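All remarks here apply to the structure that follows.
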Amino acid sequence: MTSLEFGVTLTVLGMGSTLFILFLISLVIDLLNKVIKPQEDKKGK
Amino acid sequence: MTLLSGFQSLQWAHGVMILVGCGLLYLGIRKKMEPLLLVPIGFGAILVNIPGAGLMEKDGILRFFYDFGVLTEIFPCLIFIGIGAMTDFGPLLANPSTFLLGAAGQFGIFLTLALALALGFPQLDAVSIGIIGACDGPTAIYVTSKYAPHLLGAVSVAAYSYMSLVPVIQPPIMKLLTTDKERNTIMPSMVGSVSKTTKLLFPLVITVIGGLIAPKGLPLLGTIMLGNLMRESGVVSRLTNASQNEIANVVTLFLGLSIGATMAGEAFLKPQTLIILCLGLLAICLDTVCGVCFGKLMRVMSGGKVNPLIGAAGISAFPMSARVVQKEGQKYNKKSYLLMHAMGANAGGQVGSVIAAAVMLSVLAGMGIIK
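Residue numbers (my numbering), protein chains in the order written: chain C, 791 to 835; chain S, 2 to 372.
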């Protein structure tokens with residue numbers, strides 16, 4: 791693999807995957823925020 | 002060996018590096034630039050450049066610290082437990098879309114990596130140079146010590162120096178890339194809090210999702226999230242306090258000394274060190290550019306509700322970058338309070354830098370370049 795191929799692969803995959811993983815995590819957290827409200831915590835206590 | 006043998010063995014490179022060590026001490030002590038790291042690094046650089054002492058030779062005390070903590074990657078991981086224990090991810094969890102700014106703030110890593118390759122650096126050296134853009138000392142040290150240990154001194158000094166220069170580096174870029182109207186945007190105050198359960202589940206979600214997709218970075222992800230889980234659980238305050246204070250302090254001391262110990266004159270004084278320092282600066286500039294541009298994109302998608310300045314906080318220099326955004330926002334509009342939004346983006350940058358490193362290592366493993 792040439793340096794050019796290596797650089798392009800790592801740059802595209804790296805930026806894309808980082809964005810994808812954080813997008814996925816943000817969706818999960820958003821879902822958690824909708825499902826678990828702070829008030830429900832208090833009720834649980 | 003005579004009492005003068007040290008002087009007789011002293012070469013110009015040793016003298017220059019002793020001056021460099023003094024310069025780092027000056028920056029740490031007088032200018033208060035990352036003193037916790039620059040003071041031990043500077044002193045370590047002086048120690049290792051005194052000929053005849055052999056502190057980095059086999060059985061030398063600095064060699065012991067280096068082999069024990071840096072080569073094994075134990076020091077960065079222990080620091081990460083402390084960082085996780087210190088960080089409140091609440092503002093990030095309250096506004097999960099700021100995770101994306103934390104991703105954009107890492108793009109400089111990959112762009113700089115490509116540039117380093119174009120300049121002729123070997124593949125793994127380029128990876129270690131790019132990681133300066135994570136703006137995250139332990140991540141940079143973890144990756145560099147593993148794949149390009151000969152660059153550890155230059156990469157660490159660049160990472161910590163530029164992190165402390167964030168208030169100087171970011172504002173001109175933020176101004177250059179935004180219009181008056183964008184900078185004056187007042188973002189609504191963050192309403193609503195995050196449930197305790199969500200805060201508890203967050204480290205587990207990150208560990209499982211991040212670990213499954215990019216398992217090579219799990220030592221980094223796992224340790225920072227362990228620290229955060231301990232903090233949020235509230236039931237292991239002794240461990241949390243020890244991670245935040247005693248463990249983090251002791252490890253910082255030995256980590257700094259070990260990094261300084263890699264700055265022997267003959268290894269450090271090369272043209273490539275200067276190029277690495279320049280590329281490191283560029284990496285942090287590119288992070289800021291990408292973060293602000295992504296902020297502009299979010300502004301468009303939100304119908305003008307987002308102030309793109311908060312994108313600059315998508316880097317991992319926590320909480321310094323968020324403070325810079327707040328200060329700049331106030332400079333343009335006294336009624337603008339961006340701090341909590343910027344803290345969210347900044348915490349996203351912390352997670353983002355670790356994820357970016359994890360992704361990079363996993364892609365390298367997938368390409369068969371590392372094991």
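Glycine residues also receive a C-beta, built at the ideal position from the N, C-alpha and C atoms. Quick caveat: nothing in here was measured; it's all calculated off a predicted structure.
Span of the alpha helix (DSSP H) around residue i
i, result
"R300(S)", "P272 to M302"
"E233(S)", "L219 to S234"
"D89(S)", "Neither: D89(S) is in no alpha helix (DSSP H) and is coded neither H nor E."
"A50(S)", "What sits at residue 50(S) in the sequence shown is Asn, not Ala. No alpha helix (DSSP H) holds N50(S); DSSP gives it neither H nor E."
"Y27(S)", "W13 to I30"
"E795(C)", "S793 to V825"
"E183(S)", "D181 to R184"
"S146(S)", "G138 to Y148"
"L340(S)", "L340 to G367"
"L213(S)", "K197 to I214"
"A119(S)", "F108 to A119"
"I170(S)", "V167 to L178"
Three-state secondary structure assigned by DSSP to residue i
i, result
"T99(S)", "helix"
"G154(S)", "helix"
"T3(S)", "coil"
"D68(S)", "helix"
"A265(S)", "coil"
"A318(S)", "coil"
"N250(S)", "helix"
"L256(S)", "helix"
"F122(S)", "coil"
"I371(S)", "coil"
"G330(S)", "helix"
"T241(S)", "helix"
"S337(S)", "coil"
"I82(S)", "helix"
"V325(S)", "helix"
"V307(S)", "coil"
"P36(S)", "helix"
"I187(S)", "coil"
"S381(S)", "This structure does not reach residue 381(S), given that chain S is present from 2 up to 372, and the question cannot be answered."
"K164(S)", "Note that residue 164(S) is Met in the sequence shown here, rather than Lys. In this structure, M164(S) counts as helix in the three-state DSSP scheme."
"G61(S)", "coil"
Rounded distance between the beta-carbons of residue j and residue i, thought under 8 Å
i, j, result
"G38(S)", "G138(S)", "Reading off the sequence, residue 38(S) comes out as Leu, not Gly. Correct: roughly 7 Å between the Cβ atoms."
"A262(S)", "M57(S)", "5 Å"
"L118(S)", "F796(C)", "7 Å"
"L63(S)", "L48(S)", "6 Å"
"T289(S)", "A313(S)", "5 Å"
"A104(S)", "L809(C)", "4 Å"
"A159(S)", "I277(S)", "6 Å"
Proximity below 7 Å, CB of residue i to CB of residue j
i, j, result
"A359(S)", "A215(S)", "yes"
"S244(S)", "G257(S)", "no"
"T99(S)", "I826(C)", "no"
"Q107(S)", "S354(S)", "yes"
"G7(S)", "G53(S)", "yes"
"G330(S)", "L102(S)", "no"
"I815(C)", "I210(S)", "yes"
"M341(S)", "M191(S)", "yes"
"S165(S)", "E35(S)", "yes"
"I80(S)", "V252(S)", "yes"
"I819(C)", "P189(S)", "no"
"K182(S)", "A366(S)", "no"
"T208(S)", "M226(S)", "yes"
"I811(C)", "I356(S)", "yes"
"G260(S)", "S157(S)", "Correcting the residue type first, residue 260(S) is Ile in the shown sequence and not Gly. Yes, they are a contact pair."
"V167(S)", "A318(S)", "yes"
"Y333(S)", "R184(S)", "yes"
"I82(S)", "T224(S)", "yes"
"G43(S)", "G22(S)", "yes"
"S303(S)", "P828(C)", "no"
Contact with chain A by residue i, beta-carbon distance below 7 Å
i, result
"L821(C)", "No chain A appears in the structure shown, which is made up of the protein chains C and S."
Pair every Cβ in the segment 269-288 of chain S with every Cβ in the segment 148-162 of chain S, then say whether three or more of these pairs are closer than 8 Å. yes
Assess contact between the segment 333-348 of chain S and the segment 198-212 of chain S, defined as three or more Cβ pairs (one per stretch) separated by less than 8 Å. Is contact present? no
When the Cβ atoms of the segment 167-182 of chain S are set against those of the segment 315-329 of chain S, are three or more pairs found closer than 8 Å? yes
Are the segment 326-340 of chain S and the segment 298-312 of chain S in contact at 8 Å, needing three or more beta carbon pairs? yes
Any contact between the segment 25-39 of chain S and the segment 68-84 of chain S? By contact I mean 3 or more CB pairs, one from each, below 8 Å. no
If you pair each beta-carbon of the segment 86-93 of chain S with each one of the segment 275-294 of chain S, do three or more pairs fall below 8 Å? no
Meets three-Cβ-pair contact criterion under 8 Å: the segment 797-804 of chain C and the segment 110-126 of chain S: yes
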